[in-house]
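FYI, in the numbering used here the residues of the sequence shown are 28 to 179. Read the structure below first, then the notes.
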Amino acid sequence: MTYEELQELHELLFKTMGLFHEKFLRQFPKESRKYQGIKKNHIMIIGFLYQNHVLTATQIAKMLNMEKGSLTTLIDQLEKSGLVIRCDDANDRRKTLISLTNDGKLEIEDIMKNSIQCMGKILGNTEPSELMKFVDSLKYAVEFMQKIKKVN
């Protein structure tokens, strides 16, 4: 790709992230209704764990673009609330694996239910054909990004 094409791609990616935050993420629940003190970054962590089942702190830190030290505090809080559990990796003693407890799964499912209801309101006046085109485009974008090899 030329520099100009890469520049356009860069701008589109940042516009997509900005619009996603503005139109959707900011409208979704920002706190747990059941667990006091569980905020947006906590919800993102338990969401990633729900999708991936088990992750290391390093993997979660990369997903959130956050320093591992800052993440440790968030995971400590989630563990104290009974939403996540840490276990040693049987294959590598240096690694600690993080996963959801049953309460953590129930909590993220409740949050997702509320987010989906919110999304229904946001998209309520959208043309069905436009919405299906958007969904198909997102599916393609996700499949494409999953194919991209990591640089480092």
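Glycine included, each C-beta is placed from N, C-alpha and C at the ideal position. Here the structure is a predicted model, which is why all the values come from computation and not from measurement.
Review point. Is DSSP giving Val81 helix, strand or coil here?
Key: The residue labelled residue 81 in the question sits at position 54 within the sequence shown. Here Val81 sits in strand by DSSP.
Review point. Which of the three DSSP states, helix, strand or coil, is assigned to Ile112?
Key: Position 85 of the sequence shown, counting from 1, holds the residue named residue 112. In this structure, Ile112 counts as strand in the three-state DSSP scheme.
Point to revise | Residue of Glu136, Cys114, Gln86 and Asn118 minimising C-alpha distance to Ile70 | key: Locating residue 70 in the sequence shown gives position 43, where the first residue counts as 1. Comparing Cα-Cα distances from Ile70 to each of Glu136, Cys114, Gln86 and Asn118, the minimum goes to Glu136.
Exercise for review: State yes or no: is the C-beta of Met139 within less than 9 angstroms of the C-beta of Tyr77?
Suggested key: Taking the first residue of the sequence shown as 1, we reach residue 139 at position 112. Taking the first residue of the sequence shown as 1, we reach residue 77 at position 50. Cβ distance < 9 angstroms, so Met139 and Tyr77 count as in contact.
Point to revise | Any alpha helix (DSSP H) of 4 or more consecutive residues that is wholly inside the stretch 46-82 | key: 67-79
Check your understanding: So, is Gly131 buried or exposed, given that buried needs 16 or more other C-beta atoms within 10 angstroms?
Key -> Position 104 of the sequence shown, counted from the start, is the residue given in the question as residue 131. Buried.
Exercise for review: Could you tell me which of Val111, Leu150 and Gly151 sits nearest to Leu133, measuring between CA atoms?
Suggested key: Locating residue 133 in the sequence shown gives position 106, counting from the first residue. With distances taken between Cα atoms, Leu133 lies closest to Val111.
**Study point:** Alpha-carbon spacing of Lys122 relative to Lys176, whole angstroms
**Key:** Within the sequence shown, residue 122 is the residue found at index 95, counting from 1. Within the sequence shown, residue 176 is the residue found at index 149, counting from 1. In a straight line, the C-alpha of Lys122 is about 24 angstroms away from that of Lys176.
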